[in-house]
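As they're listed, the protein sequences go chains A and B. Take the first sequence: its position 232, counted from the start at 1, is 232 in our numbering, and no numbers get skipped. Take the second sequence: its position 181, counted from the start at 1, is 1181 in our numbering, and no numbers get skipped. Report on one structure; see the data block that follows.
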Amino acid sequence: MSRFEPQIQVEGLGFSYEEGAIFKDLSFSVLKNQSLLLLGPSGSGKSTLAYCLNKLYPEAVDGELVGSITFEGRNLDEFKQGELNQKIGIVFQDPESQFCMLTVEEEVAFGLENFHVPRAEMEAKINHALKLVGLQAEKKTMIHTLSGGQKQKLALACVLALEPEVIILDEPTANLDPQSSSDLVETIARLKKERPFTLIVVEHKLDDWVELIDRCLVFDSNASILFDGSSEQCFGEFAPFLKKEGIWLPKVVEAALTAKDAGVYKGEKPPLRNHELLSGLEDPDAFFKKDTKTRSKSKPILEASGLYARGHLKNVSLTIQKGELTALVGANGSGKTTLSKCLAGLIPLTQGEIHFLGVPLSKWKEKDLFQLLGYVFQNPEHQFITDSVYEEIAFGLEHKSTALAILEKIGLKKHANAHPFSLSQGQKRRLSVATMLVHDQELLILDEPTFGQDANTAYEIMRVLDEKQGAVLMITHDMELVDQYADTIHVLDEGELIFSGTPESLWEKHEVVDRARLKLPFRKQLLNEIVRREIHVAQ
Amino acid sequence: MSLNEVNPSIKAFAIVISILILSVFFDPITPLVTILWSVTVTFLFGRVSFKKWLLLFAPFLFIAVIYVWSTMLFPRLQGGDSVIWQWGFLTLTAEGFQRGASLGLRVLSFATLSIMFTLTTKPTDFLLSLMQQCKLPPKLAYGIMAGYRFLPLIKEEFQTLQNAHRVRGVARARTIPDKVKQLKRYVIPLLAGAIRKAERTALAMESKGFTGDKNRIFYREITVSRMDWLFFILMISAVCLSAFISWKLGYLQFYNGEL
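This is the structure:
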């Protein structure tokens, strides 16, 4: 195969499934060892396309595929079942549901067994693959005890053991904490240097990937190709257009756009790297300064002291003030969800006390408590209790007429009679948040409210929360949100509260940031870079 | 040689045959000797924690005691039964006592044998052995294995769901119709979640080249050795010996629809 002959060639590809066409008439090609990023709003069929490329679809679902895909000159139809999977490997989004064995080594072996690798060679291949991702010490470990980041690395090791030519990553960092995400991307970048392979990435959180990606393929919400070209072009001239479509942009691009609108960016070309942005800005210090908003903190709404629970929490004490937006952050498995559920009285404490509005939590009647304290779960589906969108909002409301007004406000009025489960991901999230806003709760607790949302929905949710009366406590991995919206931030590490204070003071405590596997927000990273440079120049 | 290392398929086979033999007899001595034998073997040759064993054994003991009580105190009186004790409508006969004891011990003998298997066999090993020795189709075996991983996840999801509904202000159901309604509300999201997870796992398995092909090379080979067959023979002989002892003591009786 010559260097310029495409490795994967897609022509007139269309795929339809149950409700109708997911996409139609797509044509593009991928060169060997290219790094391709698939971008688009959620629900635009990127994952489906990825599954078609390695022949998982249409066989796994009753879908219909038209057009053709060729891999190294051969049509996919010519490959035997399973044959292609050795050449094109894939890592999925959800670390919980992509394994079928109990231990790490068994899982890697599973793929090798499928391809009839002789038993004598398996051990060496397993060791090698685990070494590549840095999991050699976990060979005999039970998979369910691994952290989210380790699970994704294991998934990568399973793929690497088969020595594929193409690796597809389907939102591999979606469930990971900030440092585990960067860690995974670094691992992939290192591997790609050691042994070249073609990389196809579907991803929303782009910052870590920008260096690695050389080409972008952008879809609109109707799944047609909006843009196909280099990443420089994509995040350059094309960026304003992407922003309008509600597609996440790398933060450096986002910042440059804002700066340009304000007329303070003078760089010749749009930046892709931090230093390019900095040298293009007139006064970077001023640009990245945060205007501190002050909210009047009147009185504590919830006070917790000395909490212990199920071995997950150790002596946690915190106070939530009226009018505050509080963020709860920490690595995967640090006890954030446990703590938040304890605060809502959903998990019993083994020790400690919680006062809500001055009254011990145990003294509250459940019915009264949840009129004043709302909790939005990670999976919106869990909270739906009726058969229609309208009834979801109207449930427990005295004046049913207000329900329609609320639906109007969250843009779901035309879906009023639909079943909540039939909504799109973003709509479900908006509905689940809205069901908790109708009672004007004093305190609203949210478990990763912006998870898996496209840019527009995420901002919309944050805007609503920011305006909310009463107090908000929110679990998140997104340091930008924390930096932008939170008044107070609590950091959990292995069940211990290791920091409570303003975001600004947290960013100065590097040891806390590292220990809790957090990352500085983009703004702070750049400010630090400015300082570093000034020191450099002074020397 | 420990029980944990015996080939899982042969172990299962030995225990199924033992139970079949036991079910032919209906007397107290045969199961009693088998119980003594299997408990001894479990603790001498298996790496088993007594606490876990007791935890599994307790419910069977409970059932057995209830059986014995009810058969002893409410017997079907037949002519010629020797009455030991009588009070009001309660009558205790020697035959009734023997029947009750037979029944209870029978339950317990099945239990001790099964627990011996459960506590000394890893589920993965059992499935691997079923595929390698008994030609169980990989599609089925790996399906069961993936399902086994799901169980704790589904339990967790159920609890989350309960909490989520509590927060929405759905009061805990107290009457039966309310409970049915509530169950219905749980079923849809629970099923939706389970199906989605199952689909994802299936897709992930296929993406690693799993086709259900029966010619697999297994990373972990589960072997059959002479020791495994020795175990089999020992187990069967022990049960037969129990029956022999019972016959010598004059208790042995074939099961004849006593229940």
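Idealized CB from N, CA, C, for every residue including glycine.
One or two residues paired with residue i in a DSSP bridge
{"i": "histidine 355 of chain A", "result": "A:Glu303, A:Pro360"}
{"i": "arginine 74 of chain A", "result": "A:Phe71"}
{"i": "glutamate 11 of chain A", "result": "A:Ser68"}
{"i": "alanine 327 of chain A", "result": "A:Met474, A:Ile489"}
{"i": "phenylalanine 99 of chain A", "result": "Answer is none; phenylalanine 99 of chain A lacks a bridge partner."}
{"i": "aspartate 228 of chain A", "result": "A:Leu217"}
{"i": "aspartate 447 of chain A", "result": "A:Ile475"}
{"i": "isoleucine 1066 of chain B", "result": "Answer is none; isoleucine 1066 of chain B lacks a bridge partner."}
Top-ranked residue by Cα proximity to residue i, from the options
{"i": "arginine 215 of chain A", "options": "A:Ile535, A:His204, A:Gln233", "result": "A:Gln233"}
{"i": "proline 544 of chain A", "options": "A:Gln441, A:Leu443, A:Val433", "result": "This structure leaves residue 544 of chain A out entirely; chain A is present only between 1 and 539."}
{"i": "tryptophan 1247 of chain B", "options": "B:Met1001, B:Glu1005, B:Thr1030, B:Ile1010", "result": "B:Thr1030"}
{"i": "glutamate 106 of chain A", "options": "A:Gly470, A:Asp454, A:Ala155, A:Leu473", "result": "A:Ala155"}
{"i": "glutamate 1157 of chain B", "options": "A:Lys140, A:Leu349, A:Pro380, A:Gln81", "result": "A:Pro380"}
{"i": "leucine 76 of chain A", "options": "A:Tyr57, A:Gly63, A:Asp94, A:Val61", "result": "A:Tyr57"}
{"i": "aspartate 487 of chain A", "options": "A:Ala223, A:Leu328, A:Gly345, A:Asp170", "result": "A:Leu328"}
{"i": "proline 178 of chain A", "options": "A:Glu529, A:Leu481, A:Leu343, A:Pro300", "result": "A:Leu481"}
{"i": "threonine 145 of chain A", "options": "A:Ala189, A:Leu160, A:Glu96, A:Lys192", "result": "A:Glu96"}
{"i": "arginine 1166 of chain B", "options": "A:Thr338, A:Gly345, A:Ala331", "result": "A:Gly345"}
{"i": "tryptophan 507 of chain A", "options": "A:Glu496, A:Ala161, A:Ala516, A:Lys524", "result": "A:Lys524"}
{"i": "proline 503 of chain A", "options": "A:Lys151, A:Met479, A:Leu526", "result": "A:Met479"}
{"i": "valine 552 of chain A", "options": "A:Glu511, A:Leu49, A:Ala137", "result": "Outside the displayed range of chain A (1 to 539) lies residue 552 of chain A, so it cannot be described from this structure."}
{"i": "leucine 1061 of chain B", "options": "B:Phe1110, B:Val1024, B:Leu1020, B:Val1033", "result": "B:Phe1110"}
{"i": "glutamine 150 of chain A", "options": "A:Val531, A:Met462, A:Asn175, A:Glu165", "result": "A:Asn175"}
{"i": "alanine 455 of chain A", "options": "A:His439, A:Leu473, A:Gln425", "result": "A:Gln425"}
{"i": "threonine 319 of chain A", "options": "A:Leu473, A:Asp283, A:Val218", "result": "A:Leu473"}
Test: residue i CB closer than 9 Å to a CB of chain D
{"i": "tyrosine 51 of chain A", "result": "Chain labels in this structure do not include chain D; the protein chains are A and B."}
Residue range of the alpha helix (DSSP H) that includes residue i
{"i": "aspartate 1228 of chain B", "result": "1226-1248"}
{"i": "phenylalanine 1013 of chain B", "result": "1008-1022"}
{"i": "alanine 255 of chain A", "result": "251-262"}
{"i": "glutamine 1279 of chain B", "result": "Outside the modelled stretch of chain B, which goes from 1001 to 1259, sits residue 1279 of chain B, for which no answer is possible."}
{"i": "glutamate 496 of chain A", "result": "Run containing glutamate 496 of chain A: none in the alpha helix (DSSP H); it sits in the beta strand (DSSP E), 496-501."}
{"i": "threonine 1124 of chain B", "result": "1123-1133"}
{"i": "threonine 173 of chain A", "result": "Premise fails: threonine 173 of chain A is in no alpha helix (DSSP H) and is neither H nor E."}
{"i": "threonine 457 of chain A", "result": "455-467"}
{"i": "leucine 1032 of chain B", "result": "1029-1045"}
{"i": "valine 537 of chain A", "result": "522-538"}
{"i": "glycine 411 of chain A", "result": "Element bounds for glycine 411 of chain A: n/a, residue is neither H nor E."}
{"i": "threonine 1160 of chain B", "result": "1138-1167"}
{"i": "leucine 212 of chain A", "result": "No alpha helix (DSSP H) holds leucine 212 of chain A; DSSP gives it neither H nor E."}
{"i": "lysine 519 of chain A", "result": "Counting along the chain, lysine 519 of chain A falls outside any alpha helix (DSSP H), and DSSP gives it neither H nor E."}
Exposed unless 16 or more other CB atoms sit within 10 angstroms - verdict on residue i
{"i": "arginine 1196 of chain B", "result": "exposed"}
{"i": "valine 513 of chain A", "result": "buried"}
{"i": "leucine 1249 of chain B", "result": "exposed"}
{"i": "phenylalanine 99 of chain A", "result": "buried"}
{"i": "leucine 1183 of chain B", "result": "exposed"}
{"i": "aspartate 94 of chain A", "result": "buried"}
{"i": "methionine 1 of chain A", "result": "Legend: pLDDT at methionine 1 of chain A = 48, less than 50; position of this residue unreliable, no value from coordinates given."}
{"i": "methionine 1235 of chain B", "result": "buried"}
{"i": "proline 1059 of chain B", "result": "exposed"}
{"i": "proline 240 of chain A", "result": "exposed"}
{"i": "glutamine 351 of chain A", "result": "exposed"}
{"i": "leucine 184 of chain A", "result": "buried"}
{"i": "glutamate 392 of chain A", "result": "buried"}
Start and end residues, beta strand (DSSP E) containing residue i
{"i": "leucine 170 of chain A", "result": "With the sequence shown as reference, residue 170 of chain A is identified as aspartate, and leucine is not the correct amino acid for it. Counting along the chain, the beta strand (DSSP E) containing aspartate 170 of chain A begins and ends at 166-170."}
{"i": "asparagine 315 of chain A", "result": "313-321"}
{"i": "threonine 1091 of chain B", "result": "1090-1093"}
{"i": "alanine 21 of chain A", "result": "20-30"}
{"i": "glycine 374 of chain A", "result": "373-376"}
{"i": "leucine 39 of chain A", "result": "35-39"}
{"i": "isoleucine 88 of chain A", "result": "88-91"}
{"i": "leucine 199 of chain A", "result": "198-202"}
Check: residue i C-beta below 8 Å from any heavy atom of the ligand NAP
{"i": "alanine 157 of chain A", "result": "As far as ligands go, the structure on display features none, and thus does not contain the ligand NAP."}
Worksheet item: Quick one: any contact between the stretch 1181-1196 of chain B and the stretch 79-87 of chain A, if contact means 3 or more CB pairs under 8 Å?
Response: no
Discussion item. Would you call the stretch 399-406 of chain A in contact with the stretch 371-380 of chain A, where contact means no fewer than 3 C-beta pairs closer than 8 Å?
Written reply: no
Item to complete: Count the C-beta pairs between the stretch 105-124 of chain A and the stretch 1207-1220 of chain B that are closer than 8 Å, then say yes if the count reaches three, no if not.
Response: yes
Discussion item. Whether or not the stretch 194-207 of chain A and the stretch 165-174 of chain A are in contact is what I'm after, with contact meaning three or more pairs of Cβ atoms, one per stretch, closer than 8 Å; do they touch?
Written reply: yes
Discussion item. I'd like to know if the stretch 52-70 of chain A and the stretch 6-21 of chain A are in contact, where contact means that at least 3 CB-CB pairs between them fall below 8 Å.
Written reply: yes
Fill in: At least 3 beta-carbon pairs within less than 8 Å: the stretch 310-330 of chain A vs the stretch 357-364 of chain A
no
Item to complete: Tell me, please, whether the stretch 1227-1234 of chain B touches the stretch 1123-1137 of chain B by the rule of three or more beta-carbon pairs shorter than 8 Å.
Response: no
Discussion item. Taking 8 Å as the cut-off, does the stretch 192-199 of chain A touch the stretch 435-445 of chain A (at least 3 CB pairs, one atom from each stretch)?
Written reply: no
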